[in-house]
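By this note's numbering, the letter at position 54 of the sequence shown is numbered 160, and the numbering carries on one by one without gaps.
Each residue gets a CB set at the ideal place from its N, CA and C atoms; glycine is no exception.
Heads up, the thing below is written out as C-alpha cells.
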Amino acid sequence: MSYSVLFVCLGNICRSPMAEAVFRHIVVEQGLEAVIKIDSAGTGDWHIGHPPHEGTRKLLDRYSISYEGMNARQLAVQDGGNFDLIVAMDTKNERDIREKLGVSSRAQVIRFLSLLPEKGIDDVPDPYYTGNFGEVYELVKEGCEKLLELVKGRMNIER
Ligand code: 4NP
C-alpha cells in the first residue's frame with residue numbers, strides 16, 4: 107500500500123516547503139520513501155517556480171535537511187484526486203483548498219495544527235510576515251512526527 111500527502115500554504119515558499127522537506131526527511135529516516143509520496147503547493151500563484159524562501163532554507167540547512175529540487179507550484183484541482191491527504195498550514199489555506207477542490211475531491215483535508223491540539227493554536231504563523239522561521243520549524247517538526255504516526259496507522263505499518 108502507498109499513501110500520498112500534500113502540504114499547502116499561501117505562497118509555497120515558507121511553511122509548506124518546510125513541512126515537505128522535514129516530513130520527507132523523517133520518512134527517509136524510517137525507510138518509507140518508496141511508499142509515501144510527499145509534495146507541497148501554494149494557493150497563490152506569485153512564487154511559481156521559486157525555490158524555498160531564504161529563511162526556510164537557512165533553517166533546513168541548520169538541521170541538514172535537503173530541499174534539493176524543490177520549487178513552488180500552485181495548488182491544482184487535480185490534486186484533490188491525486189493525494190490521499192492534504193494538510194493546510196492555516197485556517198485560510200484550509201478554506202481556500204476546500205473551495206478550489208470542490209465536493210468531488212478524494213483527498214481528506216486537515217489543518218496542520220489539528221495534529222498538535224495541545225498547542226492551542228489553529229494556524230502555523232506565516233514567517234513571510236513574522237520573520238520567525240525558527241518558531242515555524244519547531245511546530246513543523248513536532249507536527250510532522252505526529253503526522254507520520256497517523257499515516258503509518260492508516261497504512262497498517264507497525265512501530
Ligand atoms: P507561505 O508564506 O504561505 O508560508 O509560503 C508566504 C509567502 C509569500 C507570500 C505570502 C505568504 N506573498 O504574499 O507573496
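Gly117 lies in the beta strand (DSSP E); which residues open and close that run? If you number the sequence shown from 1, residue 117 lands on position 11. First-last for Gly117: undefined, no H or E at that position.
Consult DSSP for Ser211 and reduce its assignment to one of helix, strand or coil. Walking along the sequence shown from the start, residue 211 turns up at place 105. Reduced to three states, the DSSP call for Ser211 is coil.
With the cut-off set at 7 Å, would you say Leu191 and Val111 are in Cβ contact? Along the sequence shown, read from residue 1 onward, the residue named residue 191 stands at position 85. Along the sequence shown, read from residue 1 onward, the residue named residue 111 stands at position 5. Closer than 7 Å, so yes.
May I ask which residues mark the beginning and end of the beta strand (DSSP E) holding Lys247? Your numbering for residue 247 matches position 141 in the sequence shown. Not the beta strand (DSSP E): Lys247 falls in the alpha helix (DSSP H), residues 239–260.
What do you reckon, is the C-beta of Gln119 under 6 Å from a heavy atom of the ligand 4NP? Stepping through the sequence shown from its first residue, residue 119 is reached at position 13. Gln is not the amino acid found at residue 119; the sequence shown has Ile there. True, at least one ligand heavy atom lies under 6 Å from that Cβ.
Does the ligand HEM have a heavy atom nearer than 6 Å to the CB of Cys115? Here the bound small molecules are the ligand 4NP; the ligand HEM is not part of this structure.
What residues match up with Lys143 in a beta bridge as DSSP calls it? By 1-based counting over the sequence shown, the position of residue 143 is 37. Paired residue(s): Ser110.
Which residues mark the beginning and the end of the alpha helix (DSSP H) in which Leu166 is found? Counting from 1 along the sequence shown, the entry for residue 166 is found at position 60. From DSSP, the alpha helix (DSSP H) with Leu166 extends over 160–168.
How far does the alpha helix (DSSP H) with Asp196 in it reach, from first residue to last? What you label residue 196 is simply residue 90 of the sequence shown in a count that begins at 1. Element bounds for Asp196: n/a, residue is neither H nor E.
Any chance the stretch 152–161 sits against the stretch 232–242, with 3 or more Cβ pairs inside 8 Å? yes
Do three or more CB pairs link the stretch 177–196 to the stretch 210–229 at distances below 8 Å? yes
Beta-bridge pairing of Arg217 - partner residues as DSSP gives them: Walking along the sequence shown from the start, residue 217 turns up at place 111. In the DSSP output, where bridge partners are listed per residue, Arg217 has Ala194.
Near the ligand 4NP: Tyr234 beta-carbon under 6 Å from a heavy atom: Within the sequence shown, numbered from 1, the residue matching residue 234 stands at position 128. Yes, Cβ of Tyr234 sits closer than 6 Å to a heavy atom of the ligand 4NP.
Decide if Val209 is buried, meaning its Cβ has at least 16 other Cβ atoms within 10 Å, or exposed. On the sequence shown, position 103 is the one that residue 209 refers to. With fewer than 16 Cβ atoms within 10 Å of its Cβ, Val209 is classed as exposed.
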